[in-house]
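Enquirer: Sharing a structure, written as structure tokens. Questions coming.
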Amino acid sequence: CVCVSDCRTGKALLKEKKSSVFVFQTQRVMVVERSNTSEFALGSKAVDFQLPEPLQNNRLRSLSELKGSRGTLVAFLSVHCPFVIHLHSILPTLATNLAEQGISLIAISSNDPITYPEDAPSNIAKLSRTRLNNAFPFLFDEAQAIAKAYKARCTPDFYLFDADLKLFYRGRLDNSTPGNRVKPSAEEMYAAVDAMLNKKPLDHASIYPSVGCSIKWKPGNQPAYF
């Protein structure tokens, strides 16, 4: 994932890519580094979890309960991030289309709601009920332990697991961003799903990391990999 340290403007445009460094232009100029995706390598087993779902009165939901019969897409999202807001129009459709193929979409927010009140559980529930049409479970990782277990860095950050819960794809949905005026399509995710279901190899050279806001860690809780 490519993380923008301050995501309140949300107008990042990819200008150039040089090896592992991406340069972005926003209302402020920032240079951020691409994460080492080998930290949670392809083929890695999904980490199980049990997290509350704010929309369902904080009912505890687990990966073993929610996983799909043919695959599972785990998405680290947040309420306030412009890069996630940009995807609101496509995420319910994506969830529905994946469900028809036996793939579950599970969203997790790990942001610190003390620092970012917009990401409080009550707002997760409101977003799930309204803009996201309750199309998929949106869980709250208060301890940030699951974000750490998955080596998550940003919102959005996507992990596509196969039927055996082995990581098949970690990358962006498509090439749209809040600032490039490209309508979200999830075409790159759909291509990854097609390859996974049809046992086709991925062209790893064409996989791009997600672009988004850095996860908002609690004071003193930032992981060493970040």
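Under the numbering used here, think of the first position of the sequence shown as 5, with each following residue one higher. Built from N, CA and C at the ideal position, the CB exists for glycine as well.
Let's see if you can read the secondary structure: which residues bound the beta strand (DSSP E) around Ala-79?
Expert: Run containing Ala-79: 75-80, per the beta strand (DSSP E) assignment.
Enquirer: Closer than 7 Å by C-beta to Leu-169: which residues in its own chain qualify, once you throw out the five before and the five after it? Chain order, please.
Expert: So the qualifying residues of the chain are Lys-49, Ala-50, Lys-71, Thr-76.
Enquirer: Given Pro-160, which residues of its chain have a CB within under 7 Å of its CB, disregarding the five upstream and five downstream residues?
Expert: These residues qualify, in order along the chain: Ala-79, Phe-80, Leu-81, Phe-87, Val-88, Leu-91, Ser-214, Gly-216.
Enquirer: Can you find at least 3 beta carbon pairs, one from the stretch 110-122 and one from the stretch 193-208, that sit closer than 8 Å?
Expert: As far as the Cβ criterion goes, the stretch 110-122 does not touch the stretch 193-208, which means the pair count is below three.
Enquirer: Could you tell me which of Leu-98, Phe-162, Ala-147 sits nearest to Leu-136, measuring between CA atoms?
Expert: The candidate whose alpha carbon is nearest that of Leu-136 is Leu-98.
Enquirer: Taking all protein chains shown into account, do 16 or more other C-beta atoms lie within 10 angstroms of the C-beta of Arg-32, making it buried, or fewer, making it exposed?
Expert: Low local confidence applies: a pLDDT of 35 at Arg-32 is under 50, so the model's placement there is unreliable, with the coordinate-based value given in what follows. Exposed.
Enquirer: So, using beta-carbon positions, are Gln-148 and Asn-62 closer together than 8 Å?
Expert: Against a cut-off of 8 Å, the Cβ pair of Asn-62 and Gln-148 comes out as no contact.
Enquirer: Tell me the rounded alpha-carbon separation between Phe-165 and Ala-103.
Expert: Spanning the two alpha carbons is a distance of roughly 14 Å.
Enquirer: Here's the rule I'm using: 16 or more other beta-carbon atoms within 10 Å means buried, otherwise exposed. How should Asn-184 be labelled?
Expert: It is exposed - the Cβ of Asn-184 has fewer than 16 other Cβ atoms within 10 Å.
Enquirer: Note down, in chain order, each residue of its chain lying with its Cβ closer than 6 Å to the Cβ of Ser-114, except the 5 sequence neighbours on either side.
Expert: The residues are Asp-145, Gln-148, Ala-151, Ile-219.
Enquirer: Give me whichever residues DSSP pairs with Tyr-173 in a beta bridge.
Expert: According to DSSP, Tyr-173 bridges with Leu-164.
Enquirer: Can you list, in chain order, the residues of its chain whose CB lies under 6 Å from that of Phe-142, leaving out five sequence neighbours each side?
Expert: Ala-111, Ile-128, Ser-132, listed in sequence order.
Enquirer: For the alpha helix (DSSP H) that contains Ile-150, what are its first and last residues?
Expert: Counting along the chain, the alpha helix (DSSP H) containing Ile-150 begins and ends at 149-153.
Enquirer: Rounded C-beta distance between Tyr-229 and Lys-155? I'm assuming under 8 Å.
Expert: Correct: roughly 6 Å between the Cβ atoms.
Enquirer: Whose CA, out of Leu-67, Ala-153, Ser-189, lies closest to the CA of Glu-43?
Expert: The shortest C-alpha separation from Glu-43 is found at Ala-153.
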